[in-house]
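> Residue numbers (my numbering): 16 to 292. What follows is a single structure, and I will ask about it in a moment.
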Amino acid sequence: MSNNAPTGHGLLRRFRAALALCILLGGLSLALVSNGRDGFGWAVLNELAIFAAAGVAVPFYYELFLRDAERQRFLEEMGQQLDERLCARESSHGLTVHAQGRPAPTEKAEFLHGARSQVVEVGIALRSLASLFVSRPERDLVEPVRRLLSQGVNLTYVVADPASALVAEYARSIGEPDLPQRAADSARQLVEVARRFDAEGHPGRIAVHITQQLPTCYLSIVDPDSETGRCRTSPYLPGVRRADSPVFDIARRTQRELFERYVAYTRRILDDSRPLA
16 MSNNAPTGHG LLRRFRAALA LCILLGGLSL ALVSNGRDGF GWAVLNELAI
66 FAAAGVAVPF YYELFLRDAE RQRFLEEMGQ QLDERLCARE SSHGLTVHAQ
116 GRPAPTEKAE FLHGARSQVV EVGIALRSLA SLFVSRPERD LVEPVRRLLS
166 QGVNLTYVVA DPASALVAEY ARSIGEPDLP QRAADSARQL VEVARRFDAE
216 GHPGRIAVHI TQQLPTCYLS IVDPDSETGR CRTSPYLPGV RRADSPVFDI
266 ARRTQRELFE RYVAYTRRIL DDSRPLA
């Protein structure tokens, strides 16, 4: 029964279109024949023909040309509204997913904005973070970090120990033998960044640590001990570029249990780390 319904509906549409076209053509023909003829009867026939032609032409052309366009526009607007509502619902639940991968560099400052006391960032090499300081315009990260430091916010950057056997084995397993060297380069660059900010005399400080643990994800956690705390994390997935790995934003207020697990992870990493001079 369901298989015949679409066919019957299509036949009905074609029949209606053919009937409308016949009435339209018939009305136009009668209007042409009666046009200019003298007499009351011819005048009435002309008016009726024109009315019939116009009355059929408008819905006919709407059906033929406009309805599909309006339906498509309606569906697009509905899809946009649903996407916006879904994103709002995700945010209201304190869990936002960036499935496309790492957000734009300019969005980094937006995530850190509003930090009150502490920011901790953990990664194997934190190469992308270091590059934001050394190769991007200062407005992207240097100036936002300077504002945080001037407000007394402390920042801690933790990278894996380049001399660790865990890092060497992980680098071998993913086919990136230069990963330990990249971690060492990033740590050195971040130490230089910290020294430059220290020279500016801000109440907040930057500390750079190396950890004996092998970080299993990138993590940026803001105010871990505050009710307004939030974190951003991205797993390290073998075979997937780190820039393409999904990114998750988690708010403590609405995802307390999940947030606390990342707080515990951060504390363990810090416990197994030491500051670099």
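Where is the CB? At the ideal position from N, CA and C, for every residue including glycine.
For R276, count the other beta carbons within 10 Å of its own beta carbon; 16 or more makes it buried, fewer makes it exposed. Which is it?
So R276 ends up on the exposed side.
> Taking the alpha carbon of P195 as the reference point, which residue from Q115, E207, A175, I189 has its own alpha carbon closest?
A175
> Less than 9 angstroms between the beta carbons of F212 and L110, yes or no?
No. Outside cutoff.
> D287 by DSSP, collapsed to three states: which one?
coil
> Thinking Q234 and E122 are a contact (beta carbons under 8 angstroms), I'd like their distance in whole angstroms, please.
First, the amino acid is wrong: residue 234 is Leu here, not Gln. With a Cβ gap of about 16 angstroms, L234 and E122 do not count as contacting.
> In the DSSP assignment, what are the bridge partners of A222?
T171
> For L141, count the other beta carbons within 10 Å of its own beta carbon; 16 or more makes it buried, fewer makes it exposed. Which is it?
With 16 or more Cβ atoms within 10 Å of its Cβ, L141 is classed as buried.
> Which term fits D240, buried or exposed, when burial requires 16 or more other beta carbons within 10 angstroms of its beta carbon?
exposed
> When you compare the CB positions of G138 and L147, do they come within less than 9 angstroms of one another, or not?
No; because the gap between Cβ atoms is not below 9 angstroms, this pair is not in contact.
> For S260 versus G167, is the C-beta spacing smaller than 9 angstroms?
no
> Buried or exposed: where does S201 fall if 16 or more other Cβ atoms within 10 Å of its Cβ makes it buried?
The residue in question, S201, is buried, as its Cβ has 16 or more Cβ neighbours within 10 Å.
> Quick one: grab the DSSP three-state call for E272.
helix
> Which two residues bound the contiguous beta strand (DSSP E) that contains D200?
No beta strand (DSSP E) holds D200; the alpha helix (DSSP H) holding it covers 194-214.
> Can you tell me whether V255 is helix, strand or coil according to DSSP?
coil
> Which same chain residues end up closer than 8 angstroms to E215 when comparing Cβ atoms and leaving out the 5 residues on each side of it in sequence?
R161, L164
> Contact check, D238 vs Q133 under 8 angstroms by CB: the rounded distance?
6 angstroms
> The alpha helix (DSSP H) with T231 in it runs from where to where?
Per DSSP, T231 belongs to no alpha helix (DSSP H) and is neither H nor E.
> In whole angstroms, what separates the C-alpha of G190 from that of P218?
42 angstroms
> Note down the Cα distance separating R245 from S188, rounded to an integer number of angstroms.
32 angstroms
> Does the separation of the CB atoms of L291 and I236 fall below 9 angstroms?
The beta carbons of L291 and I236 sit no closer together than 9 angstroms.
> Measure the alpha-carbon distance for A341 versus A266 and round it to whole angstroms.
The shown model of the chain, from 16 to 292, leaves out residue 341, and the question about it has no answer.
> Go ahead and pull the three-state DSSP assignment for P120.
helix
> With distances taken between CB atoms, is the gap from P230 to V149 smaller than 9 angstroms?
no
> Count the other CB atoms within 10 Å of the CB of S106; is the residue buried (16 or more) or exposed (fewer)?
Caution applies to S106, whose pLDDT of 47 falls short of 50 and renders its modelled position unreliable; the model cannot decide the point.
> Tell me whether V255 is buried or exposed, calling it buried when 16 or more other Cβ atoms sit within 10 Å of its Cβ.
So V255 counts as exposed.
> Quick check: L156 and A119, are their CB atoms within less than 9 angstroms of each other?
no
> Please list, in chain order, all residues of the same chain as Q204 whose beta carbon is under 8 angstroms from its beta carbon, the five residues on each side excluded.
A145, F148, V149
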